[in-house]
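Structure, as structure tokens:
Protein chains: 2
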Amino acid sequence: MKKIVALFLVLTSGYAIAQDDDDLKTYISHTINELQEFVAIPNDALDHADINRNLTWLTKKFNERGFNSSILPTTGESLFFAALPMEDNKPTILFYMHLDGQSVDPTKWDQPNPYHVVLKSKDGDQWKTQPFDSLTNNLNYDWRLFGRSTSDDKGPIVMLLNTIDLLKKNNVSLPFNVKVILDSEEEKSSKPLPQAVKEYRDLFKADFLVINDGPVHVSGKPTVVYGCRGITTLTLTTYGPLKPQHSGHYGNYAPNPGFQLAQLLASMKDANGKVLINGYYDGITLDPTTMEILKNVPDDATTINNNLSIKTPEQVGSFYQESLQYPSLNIRGLSSGWVGEKARTIIPESATAEIDMRLVPESDGTKLKGLVKKHIENQGFYIMDKLPSKEDRMAHDKIITITEGSVTNAFRTDLNNAYGNFLVDVLKESFAEDVVQIRIMGGTVPIGPFISELKIPAFIVPMVNADNNQHSPNENLKIGQIAYGIKAFYGILSTPMD
Amino acid sequence: MKKIVALFLVLTSGYAIAQDDDDLKTYISHTINELQEFVAIPNDALDHADINRNLTWLTKKFNERGFNSSILPTTGESLFFAALPMEDNKPTILFYMHLDGQSVDPTKWDQPNPYHVVLKSKDGDQWKTQPFDSLTNNLNYDWRLFGRSTSDDKGPIVMLLNTIDLLKKNNVSLPFNVKVILDSEEEKSSKPLPQAVKEYRDLFKADFLVINDGPVHVSGKPTVVYGCRGITTLTLTTYGPLKPQHSGHYGNYAPNPGFQLAQLLASMKDANGKVLINGYYDGITLDPTTMEILKNVPDDATTINNNLSIKTPEQVGSFYQESLQYPSLNIRGLSSGWVGEKARTIIPESATAEIDMRLVPESDGTKLKGLVKKHIENQGFYIMDKLPSKEDRMAHDKIITITEGSVTNAFRTDLNNAYGNFLVDVLKESFAEDVVQIRIMGGTVPIGPFISELKIPAFIVPMVNADNNQHSPNENLKIGQIAYGIKAFYGILSTPMD
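Residue numbers (UniProt numbering), protein chains in the order written: chain A, 1 to 498; chain B, 1 to 498.
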């Protein structure tokens, strides 16, 4: 225990590593080495053989730490599951991370191979490659490891493994049973998950779920996220003449599908970005306590707007966190005829809008899609779920084909949940800093099935830096965030709940 | 003269060729042979060598008929000019046709080579290839010649050449001086024409212009067109965040360029297709006499709507011909983000609409573009003519980049013009049928420079069938239309004006 207290003393000193804590140093170094090894196994979510090689590596690494592990077959890629030996009297924590990564285009990276980790320091605006042995005497927290999945999401997995080692070295008796589920299709929307969670629900049984994915708040402060928005999509297609027609011969005569689509889309939102569809925001109330929590997030509107290069944001909420409490309605794509050099003087045959809707717990995806369809019908459209035939076209003036995407619903754990309070307290104590509490984040983590099936509270405890270039070329992980991750995992797994 | 009268007697019998008129038969056959030869020289408007080979062929063919011809250099491809020896006491007719053709994609044609004319008969719904020698005993007017530019616009050129032969054979003394200008960039919008007409204005001097391009009215009746709409274009681009942003992180916060564009476009037209921009239709009045002329065109709305597969047309005019008397506003292309399989959950960086506007004489292109820009400004947009910088984006909420296309203005010759009356009378007499008089056609023929520079009345006298697949695969010319063309040219060039 003494050792642990000593570690905490070191940790509370913040991001600078104390000279006298060789243990943390050692396990950061171990993490760096092991992460290089792990990243070197490509993990393209689209490549079955890649995924299997990662599963093999993980089995070895978890088993070495005393976990019992299983490869769980699903309708898609297999899941990786591991658990430390269980004791009946302890609460169980289930960690969710993922082993798959986004595809890479090596030509867009500033290094030869995105799967060969490169160490870099920043010199002014330039990143400069450094030899790994220069870390021996100077474990610089601002230097970064560049490579696919260093942050998303292999880094946190390796941080957890090394924290287990450190806890063992310090003979810490864990106050929790520990289960770990590693998704292998997170970057492909985790389609096999709902059925797999049903099938393996006894195996996954736990008291709470901790998701270690995504970045900490941009301020760099310790962060607990209580929920995330869901998502669903709609594809809307309107129709003009059966084939593209000469805009001279039929301009002013054949209806233009682009104008029909523009008029429909324009009817859905006001100039400030508020959705005008009946009932779209129903059931959402933000009481003063909630507003206080949202306002406490240290966002800087000037920085956000500068990064986006916008003068004024949409006005669904009066500030960033408030805007995330509402479902969104986004035109993610538009297409009709041709633009640019290929533009031709035609009245196009059709016009298509791709819509995505980010969901909140009050707005179930199926319900929202229903409201949108009702709205479209009220605008005088005849709704079809397939391409209209010539007969359909001649029977109706305004036809629209609506194709519905699948629904991933939102989740949001109560801000007063005991496990949430525990996580916040641990992080606060570990880092001697206020914890950023995010009621709901904008993006979507596909862990809905765990929550709906296991009926347990879920929290996202991110470990990596906000500027990690997730999903993009030059993905990276700050070495300081490895220290952060080990400290955070150590705190969670060594602190008994009251 | 006797011979000519005999020919007229034959002509007035309509589309069936009289057994006793071997002359017409002979010259139709000559036309078919010569057209095969001409079409065999590819004429892709984008290929300089193609165009030159056509100019060489034309020089030979016109000179054989006693024309003096010249290749006239321009800022682009050279023009072909030819004139029969001039007599001072005769009025001069200037024929305009074009020698260039649209590019071909041979894989989309139902014949091996679009430049090798194929003869086909229709068997039910199927086209069946026929040997050319089967024409010797049966010059079937419903059979067709398939090949690039058979109709657009090499067919009419060869019809004119063979009419000259027939007139000569019959010793007809022409009551007109005849000039011919053949454009070599019509399919590329005749960009060199304005300057060339200025430069060669003395050479082109004439009393009236007859354009033999485009098809006769869909009814197949003799047709005179008094004008055509002009065209100009606008490209409109609206902006969201500087780079595409994650629709989860920033949905409800970063403005969406697709909604901005949709709202703008929706403000431009009502649900019936009428333009709502102030002043767009100013100056256009259709008096009862004009309305009568428009109504006399034997259009069949049911057929048109069936061909387009639409239930109700736009309501700018109450019928097809009326709608063409007004300028149009057409969205010919839309693009933002990605659609279909490539769709991604992003807020796009920008959204673009390609607009074309067909012009009428009352609506000068520059004036109309000004009205549209004024309207856009009134919708609260900050208008730029280039990509906005980061500073521009942070200084203005709604930015739009407007790129203006060049203007080809409309022309419309008075319906009471003496040369127009002459053409109508000749056609009426030649075919013993009412002539379809079209006040203005929807499409654009780029002969504006002739009219503005030479200040002469212009008429389109089309020669080919309406269903000729102009610009598309399987372009074709009905053999009956060769008879039509020779009769029409013969009538025009053999009838003295009163």
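Where is the CB? At the ideal position from N, CA and C, for every residue including glycine. Given the structure is predicted, the values throughout are model-derived calculations rather than measurements.
{"query": "Interface partners of R358 (chain A) on chain B, CB under 9 Å", "result": "S247, G248, G251, N252, T345"}
{"query": "Proximal residues of chain B, C-beta to C-beta of I331 (chain A) below 7 Å", "result": "N256, G258, F259, S336"}
{"query": "N212 (chain A) - partner residues in DSSP beta bridges", "result": "None, per the DSSP bridge assignment."}
{"query": "Contact belief for Y484 (chain A) with M497 (chain A) at Cβ below 8 Å, rounded distance in angstroms", "result": "At roughly 22 Å, the Cβ-Cβ gap does not stay under 8 Å, so Y484 (chain A) and M497 (chain A) are not in contact."}
{"query": "Length-filtered (3 minimum) beta strand (DSSP E) runs lying within the stretch 414 to 476 of chain B", "result": "436 to 438, 458 to 460"}
{"query": "L7 (chain B) (DSSP reduced to helix, strand or coil)", "result": "Residue confidence is low: L7 (chain B) scores 38 on pLDDT, short of 50, so the model does not pin down where it sits. Its coordinate-derived value is still stated next. Residue state, collapsed to three classes: helix."}
{"query": "Stretch pair the stretch 345 to 355 of chain B + the stretch 241 to 256 of chain B: three plus CB contacts closer than 8 Å", "result": "yes"}
{"query": "Any non-hydrogen atom of the ligand COA closer than 7 Å to P388 (chain B) Cβ", "result": "Here there are no bound small molecules, and the ligand COA is not part of this structure."}
{"query": "C-beta neighbour in chain A for L55 (chain B), strict 8 Å", "result": "no"}
{"query": "Rounded C-alpha distance that separates V5 (chain B) from D434 (chain B)", "result": "Low local confidence applies: a pLDDT of 37 at V5 (chain B) is under 50, so the model's placement there is unreliable, with the coordinate-based value given in what follows. Their backbone Cα atoms lie some 20 Å apart in a straight line."}
{"query": "Length of the line joining the Cα atoms of G480 (chain A) and D110 (chain A)", "result": "22 Å"}
{"query": "Every unbroken alpha helix (DSSP H) within the UniProt domain \"Peptidase M20 dimerisation\" (227 to 379) of chain B, with a cutoff of 4 residues, ordered by chain", "result": "247 to 250, 257 to 266, 288 to 296, 301 to 308, 320 to 323, 365 to 378"}
{"query": "F381 (chain A), DSSP secondary structure in three states", "result": "coil"}
{"query": "Inter-stretch contact at 8 Å, needing at least 3 Cβ pairs: the stretch 140 to 155 of chain B / the stretch 98 to 109 of chain B", "result": "yes"}
{"query": "For F411 (chain B): DSSP bridge partner residues", "result": "B:C228"}
{"query": "Residues of its chain near H246 (chain B), where Cβ-Cβ distance is below 6 Å and the 5 sequence neighbours each way are ignored", "result": "none"}
{"query": "Proximity test, Cβ basis, 8 Å: D397 (chain A) and chain B", "result": "yes"}
{"query": "Proximal residues of chain B, C-beta to C-beta of S406 (chain A) below 9 Å", "result": "Within chain B, no residue comes near S406 (chain A); the closest Cβ sits about 13 Å away, beyond 9 Å."}
{"query": "Reduced DSSP secondary structure (H/G/I, E/B, other) of H116 (chain A)", "result": "coil"}
{"query": "Environment of D105 (chain B) [buried if 16+ CB atoms lie within 10 Å]", "result": "exposed"}
{"query": "Simplified DSSP assignment, three categories, for F67 (chain A)", "result": "coil"}
{"query": "Backbone secondary structure at S13 (chain B) - three-state DSSP", "result": "The predicted model places S13 (chain B) with a pLDDT of 34, which falls under 50 and marks its position as unreliable; any figure quoted below should be read in that light. In this structure, S13 (chain B) counts as coil in the three-state DSSP scheme."}
{"query": "Of the listed residues A:G333, A:V339, A:P91, nearest to G337 (chain B) (C-alpha basis)", "result": "A:G333"}
{"query": "Where E186 (chain A) falls, given that 16 or more other Cβ within 10 Å makes a residue buried", "result": "buried"}
{"query": "Residue nearest to L477 (chain B) in terms of C-alpha spacing, selected from B:K169, B:I93, B:G214", "result": "B:G214"}
{"query": "Own chain residues within Cβ distance below 7 Å of L359 (chain A), not counting five before or after", "result": "R229, G230, I231, T232, P327, G365, L368, N409, A410"}
{"query": "Minimum Cβ-Cβ distance from K191 (chain B) to chain A less than 8 Å", "result": "no"}
{"query": "CB contact below 8 Å: D153 (chain B) versus chain A", "result": "no"}
{"query": "At least 3 beta-carbon pairs within less than 8 Å: the stretch 412 to 431 of chain A vs the stretch 382 to 395 of chain A", "result": "no"}
{"query": "is_contact[K269 (chain A), chain B] using C-beta, thresh 8 Å", "result": "yes"}
{"query": "Chain A contacts from the stretch 437 to 448 of chain B (Cβ-Cβ distance under 8 Å)", "result": "M441, G442, G443, T444"}
{"query": "Proximal chain B residues relative to M394 (chain A), where beta-carbon distance stays under 8 Å", "result": "N305, N306, S309, I310, K311"}
{"query": "Of the residues A:P388, A:L454, A:T403, the one placed nearest G370 (chain A), counting alpha carbons only", "result": "A:T403"}
{"query": "For I93 (chain A), the first and last residue of its enclosing beta strand (DSSP E)", "result": "92 to 98"}
{"query": "Segment contact, 8 Å Cβ cut-off, at least three pairs: the stretch 170 to 182 of chain B with the stretch 39 to 48 of chain B", "result": "no"}
{"query": "DSSP-derived helix/strand/coil call for L174 (chain A)", "result": "coil"}
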